[in-house]
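Here the structure comes first, spelled out in structure tokens, and everything after it is commentary.
Residue numbers (my numbering): -13 to 144.
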């Protein structure tokens, strides 16, 4: 979605409400991304303040259980039409007074989501040898031993 921000940039106190949804090209995002917020000009400074809400499907990084989660990602930026230096990450420098909102919101979503997901904070995961879910109970397998270490067992039996 493109926002034409000419009126916002040229009028102190002007604002533009945002209420729309778009599809994120990611198979784990199972609902459209709903974006609500506004772009407003306060004393010549134009800010974007919005929230992106969506549901995503993934699996636990330790036990591989499927997860369905709801996310709310804040989208907060200061917008400029020109800047002294392009190397500043604090501001979004627009080409003219038009903002491509889908791309900006998508980028904020990918930066906000964790790289690993857990079903719960204290997930014990799976047994590395038999695959038993350790959240459901201990496994009865014994870990294979390396025979090269057998001579060290005698040191602890004395």
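We put the beta carbon where it would ideally sit given N, CA and C, even for glycine.
Cβ-based neighbour list, residue i, same chain, cut-off 6 Å, excluding 5 preceding and 5 following
i          : result
residue 18 : 7 and 9
residue -7 : 0
residue 27 : -6, -2 and 0
DSSP three-state assignment for residue i, whether helix, strand or coil
i           : result
residue -11 : strand
residue -4  : helix
residue 91  : helix
residue 102 : coil
residue 80  : coil
residue 1   : strand
residue 43  : strand
residue 97  : helix
CB-CB length for residue i against residue j, believed under 8 Å
i           : j           : result
residue 37  : residue 22  : 6 Å
residue -13 : residue 87  : 5 Å
residue 34  : residue 56  : At roughly 22 Å, the Cβ-Cβ gap does not stay under 8 Å, so residue 34 and residue 56 are not in contact.
residue 69  : residue 79  : 5 Å
residue 127 : residue 116 : 4 Å
Sheet register partners of residue i (DSSP bridge)
i           : result
residue 38  : 21 and 59
residue 141 : Beta-bridge pairing links residue 141 to no other residue.
residue 6   : 21
residue 119 : 112
residue 86  : -12
residue 64  : 33 and 77
residue 28  : 31
Test item: CB-CB of residue i and residue j under 7 Å
i          : j           : result
residue 46 : residue 119 : no
residue 44 : residue 53  : yes
residue 25 : residue 2   : yes
residue 61 : residue 12  : no
7 Å Cβ shell around residue i - same chain, five flanking residues per side excluded
i          : result
residue 15 : 40 and 42
Neighbourhood of residue i by C-beta, 8 Å cutoff - its chain only, sequence neighbours within 5 removed
i           : result
residue -10 : 83 and 84
residue 108 : none
residue 112 : 48, 49, 50, 118, 119 and 120
Chain D contact for residue i (CB, 7 Å cutoff)
i          : result
residue 92 : Protein chain content of the structure displayed is limited to a single chain, and chain D is not contained in it.
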